[in-house]
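Participant:
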Amino acid sequence: MIQVVSKLPQTGTTIFTVMSALANEVGAINLSQGFPDYNCSPELIELVNKAMKDGHNQYAQMAGVMSLRERIAEKTEKLYGAVYNPDTEITITAGGTQAIFTVISAMIHPNDEVIIFEPAFDCYAPAIKLMGGVVKSLALEPPNYRIAWDMVKRLINHKTKMIILNSPHNPTATILHKEDIDELSALVKNQDILILSDEVYEHLIYDGETHHSIARYPELQQRSFIVASFGKPFHATGWKVGYCMAPANLMLEFRKIHQFLVFAVNTPIQYAIAEHLKNEETYLSLPAFFQEKRDYFRKGLEQTRFELLPCYGSYFQSVSYSNITDEKDADFALRLIREFGVASIPVSAFYSKGIDHHVLRFCFAKRQETLDNAVDRLLKV
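Using the UniProt record's numbering, you'd call the opening residue of the sequence shown number 1 and step up by one each time.
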């Protein structure tokens with residue numbers, strides 16, 4: 001047998017795959033993995049079908065269909081006042097995860113240090129390690145999971161190459177505030193530090209709060225890659241279409257890697273999304289749509305023994321179960337599936353050291369019937 005030396009020896013199957021597989025096996029309600037159980041817009045499906053019938057079935061341009069890049073540039077300027085050149089500063093990607101991997105691949109060299117905030121989405125650290133980079137993680141704590149910027153300052157040194165941000169945040173549903181932006185701006189001023197801003201939940205923000213996209217702030221925009229996705233806003237996570245925006249000099253390096261990862265992304269879907277984006281209500285209506293689901297789910301959970309943590313954005317609701325059991329969150333999550341038929345994600349899975357605050361994450365991007373059935377089962381816990 002050929003001996004293989006793993007590049008990621010500590011990495012196994014993702015917690016999302018494990019929990020979804022177990023939920024399917026036992027017939028549990030799957031509130032673990034972040035995808036809806038309702039279909040995307042029939043109009044959008046018709047637009048995809050039309051694009052196929054119109055002959056858009058061959059390779060797209062490497063950087064993406066120009067009409068889609070133009071719609072993204074228009075949307076970004078309208079929402080955030082930021083101007084991006086669709087020709088040189090926007091690239092369509094095969095989802096947000098590919099964009100994140102591409103940024104890290106293009107920018108991180110051996111021994112470069114990258115600051116991430118945990119609990120963190122699970123694709124950040126492995127990509128950094130694959131490039132020979134060093135992960136510098138700062139652990140955030142419930143219930144608010146706010147960044148302690150004085151601690152970030154202590155992590156920064158001459159090896160610091162990048163800071164990765166995620167707002168609205170997965171898994172905690174927290175968001176960046178203006179004071180966070182001010183602290184970040186002060187920290188990176190006159191430093192050669194890049195920012196990777198994961199904004200795939202940009203339109204899923206509630207209670208009238210502002211999404212502080214890095215694109216809003218010119219002094220940060222000039223050093224930043226911004227990653228977004230169409231899977232979340234358009235209820236089509238399986239289509240795997242996202243994008244990355246960055247200044248032209250940074251995007252040039254991004255595309256050098258992108259062309260050898262996927263070269264180009266699904267052509268008819270790009271044409272369809274470009275047409276769909278002409279109606280700005282397709283994204284402006286999303287905060288109200290998802291806040292209604294959030295409020296409905298929270299009202300149901302209030303009847304249970306779980307303690308609700310704040311939810312300012314994303315389509316995830318975290319809960320503390322400290323007053324229910326002392327079990328580890330991974331053990332309790334497994335028991336919740338097997339004994340009560342509801343799948344969640346243990347938040348310790350998002351910490352490199354498995355820090356366990358006895359918190360679980362539920363996805364509420366579900367039909368009302370699904371949320372009702374889940375709450376009925378959780379009432380028995």
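We put the beta carbon where it would ideally sit given N, CA and C, even for glycine.
Nearest to S12 by alpha carbon, out of S352, L379, N373?
Facilitator: The sequence given here places Gly at residue 12; Ser does not occur at that position. Checking every option, the nearest Cα to that of G12 belongs to S352.
Participant: Three or more C-beta pairs under 8 Å: does that hold for the stretch 162-169 against the stretch 206-226?
Facilitator: With a cut-off of 8 Å, the stretch 206-226 and the stretch 162-169 count as touching, because enough Cβ pairs lie within range.
Participant: Are there 16 or more other CB atoms within 10 angstroms of the CB of L194, so buried, or fewer, so exposed?
Facilitator: Buried, by the Cβ-count rule.
Participant: State buried or exposed for Q303, treating a residue as buried only when at least 16 other CB atoms are found within 10 Å of its CB.
Facilitator: Q303 should be labelled exposed.
Participant: Classify K178: buried if its beta carbon has 16 or more other beta carbons within 10 angstroms, exposed otherwise.
Facilitator: So K178 ends up on the exposed side.
Participant: Whole angstroms are fine: how far does the CA of I214 sit from the CA of Q61?
Facilitator: Approximately 27 Å, taken between the alpha carbons.
Participant: Taking DSSP as the reference, what is the three-state secondary structure of L334?
Facilitator: Three-state DSSP puts L334 in a helix.
Participant: How many Å lie between K136 and Y201 at the Cα?
Facilitator: Approximately 24 Å, taken between the alpha carbons.
Participant: Closest to V375 by C-alpha separation, out of A120, R294, D331, C311, would be which residue?
Facilitator: Comparing Cα positions, the closest option is R294.
Participant: Compare the Cα-Cα distances from G133 to each of D372, E113, E327 and report the closest residue.
Facilitator: For the residues D372, E113, E327, the minimum Cα distance to G133 belongs to E113.
Participant: Can you tell me where the beta strand (DSSP E) with Y243 in it begins and where it stops?
Facilitator: Element bounds for Y243: 242-245.
Participant: Run the proximity test for L284: is its beta-carbon closer than 7 Å to any non-hydrogen atom belonging to the ligand GDP?
Facilitator: Ligands displayed in this structure: none; no statement on the ligand GDP is therefore possible.
Participant: Who does G225 pair with in a DSSP beta bridge?
Facilitator: Reading the sequence as shown, one finds Phe at residue 225 and not Gly. Beta-bridge pairing links F225 to L196.
Participant: Under DSSP, the beta strand (DSSP E) around A99 begins and ends at which residues?
Facilitator: Not the beta strand (DSSP E): A99 falls in the alpha helix (DSSP H), residues 95-107.
Participant: Throw me the rounded Cβ distance for the F306 and R361 pair, which I believe falls under 8 Å.
Facilitator: Between R361 and F306 the Cβ distance is about 12 Å, and since that is not below 8 Å, they are no contact.
Participant: Can you give me the C-alpha to C-alpha distance between E25 and G341, rounded to a whole angstrom?
Facilitator: C-alpha separation (whole angstroms): 11 Å.
Participant: Quick one: measure Cβ to Cβ for V319 and L308, integer angstroms, because I've assumed they're closer than 8 Å.
Facilitator: Right, the Cβ-Cβ distance comes to about 6 Å (below 8 Å), so this counts as a contact.
Participant: Does the separation of the CB atoms of L196 and V265 fall below 8 Å?
Facilitator: Contact flag unset, no.
Participant: Measure the beta-carbon distance from P287 to L204 and round it to whole angstroms, keeping in mind my assumption that it falls under 8 Å.
Facilitator: The Cβ separation is near 7 Å, so the contact holds.
Participant: Does DSSP put I257 in a helix, in a strand, or in coil?
Facilitator: Helix, per DSSP.
Participant: The alpha helix (DSSP H) spanning V375 covers which residue range?
Facilitator: First-last of the alpha helix (DSSP H) with V375: 368-378.
Participant: Quick one: Cα of P36 to Cα of N190, how far?
Facilitator: Between P36 and N190, the C-alpha separation is close to 43 Å.
Participant: Under DSSP, the alpha helix (DSSP H) around F16 begins and ends at which residues?
Facilitator: Counting along the chain, the alpha helix (DSSP H) containing F16 begins and ends at 15-26.
Participant: Need the endpoints of the beta strand (DSSP E) that L360 sits in, please.
Facilitator: Counting along the chain, the beta strand (DSSP E) containing L360 begins and ends at 359-363.
Participant: Excluding sequence positions up to five away, which residues of its chain have a Cβ less than 8 Å from the Cβ of K256?
Facilitator: The residues are A106.
Participant: I need the boundaries of the beta strand (DSSP E) containing K232, first residue and last residue.
Facilitator: Run containing K232: none; DSSP gives neither H nor E here.
Participant: Apply the 10 Å Cβ neighbour rule to G96 and answer buried if 16 or more other Cβ atoms are within range, or exposed otherwise.
Facilitator: With 16 or more Cβ atoms within 10 Å of its Cβ, G96 is classed as buried.
Participant: N166 and D198: beta carbons closer than 8 Å?
Facilitator: Contact flag set, yes.
Participant: Quick check on E77: buried or exposed, where buried means 16 or more other Cβ atoms within 10 Å of its Cβ?
Facilitator: That one is exposed.
Participant: Enumerate in chain order the residues of its own chain whose CB-to-CB distance from F263 is below 8 Å, with the five nearest sequence positions on each side excluded.
Facilitator: So the list reads Y59, M62, once near-sequence residues are dropped.
Participant: Would you mind giving the Cβ-Cβ distance between H56 and Y271, rounded to the nearest angstrom? I have them listed as a contact below 8 Å.
Facilitator: The pair is a contact, with the Cβ atoms about 5 Å apart (cut-off 8 Å).
Participant: Would a C-beta distance cut-off of 8 Å place L138 and M151 closer than the cut-off?
Facilitator: Closer than 8 Å, so yes.
Participant: To the nearest angstrom, report how far apart T210 and G27 are at their CA atoms.
Facilitator: For T210 and G27, the distance between alpha carbons rounds to 39 Å.
Participant: With DSSP run on the structure shown, which of helix, strand or coil describes E113?
Facilitator: Strand, per DSSP.
Participant: Would you say S314 and N170 are within 8 Å of each other, going by their C-beta atoms?
Facilitator: In this structure, N170 lies closer than 8 Å to S314 by Cβ.
Participant: With a threshold of 6 Å on Cβ separation, who are the neighbours of Q33 within its own chain once the five nearest residues in sequence on each side are excluded?
Facilitator: Contacts found: F16, S20.
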